[in-house]
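Report on the structure given below.
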Amino acid sequence: MVLKLPPGIKLEKEDDKIMTLNVGPQHPGSGHMRIIVKIDGDYIVSCDPDPGYVHRGEEKMAEYRNYITNIPHLERPVIHDSCNILYPYCLGVEEILGIEVPERAKYVRVIASELNRCVYTLYWLAIYGIFLGHSTMFMWPAGDRELLIDLLEKLSGARVTHAYFVPGGVRNDMPANFEDVCLRQINYFEKRIKQYDSIFYSNPILKSRTINTGVLGKKDAIRLGSTGSVLRASGVDFDIRKKEPYDVYDNLDFQTNVLKSGDSYARSKLPWLDMLESCRIIRNALEKIPKSGSVRVKLKPNPKAGNVETYKRVESGRGSLGMHIISNGKPEPYRVKISVGSFRNLICLPYLLKGEKLGNMPSVYWSLNYWPVEADR
Amino acid sequence: MNANIPNKVKTDIDGDKDNEIEKHDVDLPELEKDIANKLTDKFDTKIKVIFIKKNRIKVDTNKNNILEIAKFINQNLKFDHVESVSGVDYPDQNEIEVVYHLGSYDPSISNQILALSTRTIRETTPHPGFDRTRLPSLRDIFYSVEFHERECFEMLGVYFENHPDNRRLLLPEDWADLPPLRKDFKIKGR
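These protein sequence lines are chains Y and Z, in that order.
Read left to right, the first sequence gives residues 1 to 377 (the working numbering).
Read left to right, the second sequence gives residues 378 to 567 (the working numbering).
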């Protein structure tokens with residue numbers, strides 16, 4: 001009997017050594033995306049990432065709403081880092097409307113965005129830990145994250161989706177005793193995350209699974225246009241907070257972390273080093289913040305800009321996050337393009353997985369600091 | 378040397394049209410002007426400088442010259458990666474604009490973004506991949522453009538010639554409607 005197949009479909013030959021494997025989109029190990037890997041025995045021959053399962057058309061929706069009503073839905077791609085994704089939008093709208101933000105609001109924004117960066121990094125670290133089979137590393141960051149979520153709740157009123165940044169400043173001022181509570185929590189938090197070094201980063205099993213796997217050299221990191229922790233783990237000193245400071249980052253005292261090895265271990269360690277640096281930034285900002293003053297410039301209803309365009313970028317938890325806003329004189333933006341770090345780092349995945357063992361796939365994939373929902377927008 | 382670009386320009390941000398904000402002269406930043414001058418010296422009329430702001434330059438060019446200009450930008454001006462590729466639909470002018478935001482990891486110009494834009498014909502009844510809405514792909518020059526151009530193809534129907542992989546990326550495989558970021562694709566209920 002000859003099996004008749006529909007056109008375009010081929011059976012794999014029996015003696016084919018290459019096997020095709022679908023990882024995801026339902027499998028929790030891949031997030032909301034599918035990775036099609038071709039394997040020869042235990043080694044990956046090629047890999048084809050297939051995102052798009054959580055595409056929500058944020059860019060199209062932004063064309064139908066005015067500059068203020070765009071705020072709550074534009075933070076949806078990455079709710080754990082919602083302050084940082086609204087940051088370039090607010091900076092861009094302020095530029096095209098010609099608004100100057102009050103000094104106190106700039107400091108409040110920096111504090112909120114650094115707290116949010118830590119919240120995101122802890123969530124990511126918890127996932128990274130559990131997919132390498134280290135369940136303590138899932139429990140600890142998930143617990144410590146609550147501290148910072150409580151702080152952000154005090155600040156904005158919401159635990160996760162804050163919608164706290166608005167063009168012209170922030171939605172509301174800090175509560176009365178926030179500075180003291182924040183300082184106390186941050187000091188405890190810093191002491192706490194320093195312990196991650198002994199339980200996670202010095203763990204010999206973690207080291208054996210991540211050191212020298214998925215090595216991305218400096219030249220390739222630049223050629224592939226990677227960004228954020230992936231880039232800095234490969235030895236390129238590039239942080240937008242330093243290179244193109246926005247708001248008050250040029251007044252604050254912090255440094256950029258750079259690691260040279262470019263393997264999964266460096267990529268997993270760098271966000272943790274960034275969190276320690278974030279604690280420094282928050283303490284410094286709490287010292288320098290003006291004690292009183294307005295935090296928001298009220299806009300007129302339905303503000304309109306002229307025929308202008310702008311491209312603003314900030315350093316988010318996953319790297320450079322840019323927004324290209326085009327206005328044509330109407331209350332709604334003509335086009336909003338969101339360029340996110342996750343989408344830009346995705347191109348590294350086929351490159352890094354080629355020739356790697358299948359068992360190393362989770363450690364390489366999650367070390368890219370990839371957030372599928374953000375990449376799909 | 379500085380023949381093409383004057384030292385002073387009028388600010389183009391006029392904010393609200395109801396309140397006449399006073400327009401005043403601003404000094405153009407030196408580094409940005411220098412980069413723009415290098416481009417205009419080399420390409421003369423093939424290139425049009427749209428604006429020069431702090432850390433941002435936008436230049437417009439014809440699609441026939443874009444490969445040559447991109448190669449020059451990559452090799453001589455040290456821009457080494459692409460930050461974003463935005464496609465913008467202009468149905469009134471019957472054109473689709475594609476803007477490449479090029480960035481650099483070289484410490485001397487790492488705060489700069491050079492926006493390189495080009496335009497192509499827009500078909501009223503699109504047939505993505507088979508109609509005249511085409512542009513040359515920059516993938517051989519800027520490798521990082523690969524996924525961005527795939528996204529632009531499915532969202533606006535701009536086919537990139539010589540791109541190795543023009544499959545769908547974010548949309549479902551059986552998407553048969555208009556490319557969704559075109560202006561004539563309307564969200565239901567709006």
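Built from N, CA and C at the ideal position, the CB exists for glycine as well.
Cβ separation of residue i and residue j, assumed to be a contact under 8 Å, to the nearest whole Å
{"i": "Z/D457", "j": "Z/Y477", "result": "Rounded, the Cβ-Cβ distance is 13 Å, inconsistent with contact."}
{"i": "Y/Y201", "j": "Y/K269", "result": "6 Å"}
{"i": "Y/V119", "j": "Y/L148", "result": "5 Å"}
{"i": "Y/P88", "j": "Y/M323", "result": "4 Å"}
{"i": "Y/L346", "j": "Y/A375", "result": "6 Å"}
{"i": "Z/R511", "j": "Z/T497", "result": "6 Å"}
{"i": "Y/Y311", "j": "Y/S342", "result": "Not a contact, Cβ separation roughly 18 Å."}
{"i": "Y/E95", "j": "Y/I85", "result": "About 17 Å; that fails the 8 Å criterion."}
{"i": "Y/L155", "j": "Y/Y164", "result": "7 Å"}
{"i": "Z/G506", "j": "Z/I490", "result": "Their Cβ separation, rounded to whole angstroms, is 30 Å, which puts Z/G506 and Z/I490 out of contact at 8 Å."}
Chain Y contact for residue i (CB, 7 Å cutoff)
{"i": "Z/M378", "result": "Note that Z/M378 scores 40 on pLDDT, short of 50, meaning its location in the model is unreliable; the coordinates nonetheless yield the value given after this. For Z/M378, the answer is no, since every Cβ of chain Y falls outside 7 Å of its Cβ."}
{"i": "Z/V465", "result": "yes"}
{"i": "Z/T388", "result": "Its pLDDT being 46, under 50, Z/T388 is placed unreliably in this model, and the value from its coordinates should be taken loosely. Judged by the 7 Å Cβ criterion, Z/T388 is not in contact with chain Y."}
{"i": "Z/S487", "result": "yes"}
{"i": "Z/D508", "result": "no"}
{"i": "Z/E399", "result": "The predicted model places Z/E399 with a pLDDT of 45, which falls under 50 and marks its position as unreliable; any figure quoted below should be read in that light. It does not; no Cβ of chain Y falls within 7 Å."}
{"i": "Z/V535", "result": "no"}
{"i": "Z/H478", "result": "yes"}
{"i": "Z/P556", "result": "no"}
{"i": "Z/E407", "result": "no"}
{"i": "Z/D457", "result": "yes"}
{"i": "Z/S461", "result": "yes"}
{"i": "Z/E474", "result": "no"}
{"i": "Z/K385", "result": "Residue confidence is low: Z/K385 scores 49 on pLDDT, short of 50, so the model does not pin down where it sits. Its coordinate-derived value is still stated next. Chain Y, which has no Cβ nearer than 7 Å to the Cβ of Z/K385, makes this no."}
{"i": "Z/Y490", "result": "Per the sequence presented here, residue 490 of chain Z reads as Ile, with Tyr not at that position. True, the Cβ-Cβ gap to chain Y drops below 7 Å."}
{"i": "Z/L454", "result": "no"}
{"i": "Z/F524", "result": "yes"}
Residue-chain proximity (residue i, chain Z), Cβ-Cβ < 7 Å
{"i": "Y/D220", "result": "no"}
{"i": "Y/G52", "result": "yes"}
{"i": "Y/G225", "result": "yes"}
{"i": "Y/F238", "result": "yes"}
{"i": "Y/E244", "result": "yes"}
{"i": "Y/D42", "result": "no"}
{"i": "Y/Y311", "result": "yes"}
{"i": "Y/D173", "result": "no"}
{"i": "Y/K337", "result": "yes"}
{"i": "Y/H55", "result": "yes"}
{"i": "Y/H324", "result": "yes"}
{"i": "Y/K60", "result": "yes"}
{"i": "Y/I347", "result": "yes"}
{"i": "Y/D376", "result": "yes"}
{"i": "Y/V364", "result": "no"}
Continuous beta strand (DSSP E) stretch holding residue i: start and end
{"i": "Y/L151", "result": "From DSSP, Y/L151 is part of no beta strand (DSSP E) but of the alpha helix (DSSP H) over 135 to 156."}
{"i": "Y/K337", "result": "335 to 339"}
{"i": "Z/D329", "result": "Missing from the structure shown is residue 329 of chain Z; chain Z here goes from 378 to 567 and no further."}
{"i": "Y/P77", "result": "Premise fails: Y/P77 is in no beta strand (DSSP E) and is neither H nor E."}
{"i": "Z/I427", "result": "424 to 430"}
{"i": "Z/P513", "result": "511 to 513"}
{"i": "Y/I18", "result": "18 to 23"}
Bridge partners - residue i, DSSP secondary structure assignment
{"i": "Y/G169", "result": "Y/V166, Y/R296"}
{"i": "Y/S320", "result": "Y/E315"}
{"i": "Z/H458", "result": "Z/G480"}
{"i": "Y/C47", "result": "Y/V37"}
{"i": "Z/V465", "result": "Z/E474"}
{"i": "Z/S494", "result": "Z/D437, Z/V476"}
{"i": "Z/Y536", "result": "Z/R511"}
Residue interval of the alpha helix (DSSP H) (run including residue i)
{"i": "Y/V119", "result": "103 to 131"}
{"i": "Y/P72", "result": "71 to 74"}
{"i": "Y/L286", "result": "264 to 288"}
{"i": "Y/V364", "result": "361 to 367"}
{"i": "Y/V93", "result": "82 to 97"}
{"i": "Y/M61", "result": "58 to 62"}
Residue i beta carbon near the ligand SAM (any heavy atom closer than 6 Å)
{"i": "Y/P333", "result": "You won't find the ligand SAM in this model; it holds no ligand whatsoever."}
### Task
Pair every Cβ in the stretch 247 to 267 of chain Y with every Cβ in the stretch 181 to 190 of chain Y, then say whether three or more of these pairs are closer than 8 Å.
no
### Message
Quick check: the stretch 217 to 236 of chain Y against the stretch 258 to 268 of chain Y, are at least 3 beta-carbon pairs closer than 8 Å?
### Response
yes
### Task
Evaluate the contact criterion for the stretch 527 to 541 of chain Z versus the stretch 36 to 43 of chain Y: three or more CB pairs, one atom per stretch, below 8 Å.
no
### Query
Does the count of Cβ pairs from the stretch 52 to 64 of chain Y and the stretch 127 to 147 of chain Y closer than 8 Å reach three?
no
### Message
Between the stretch 122 to 131 of chain Y and the stretch 155 to 172 of chain Y, can you find at least three pairs of beta-carbon atoms closer than 8 Å?
### Response
no
### Task
Mind the definition here: the stretch 507 to 525 of chain Z touches the stretch 211 to 226 of chain Y only if three or more C-beta pairs lie below 8 Å; say whether that holds.
yes
### Query
With a cut-off of 8 Å, do at least 3 Cβ pairs link the stretch 91 to 108 of chain Y to the stretch 167 to 174 of chain Y?
yes
### Task
Answer yes if the stretch 275 to 288 of chain Y comes into contact with the stretch 425 to 432 of chain Z, meaning at least three C-beta pairs across the two stretches below 8 Å, and no otherwise.
no
### Query
Does the stretch 331 to 340 of chain Y come close enough to the stretch 204 to 214 of chain Y that 3 or more CB-CB pairs lie under 8 Å?
no
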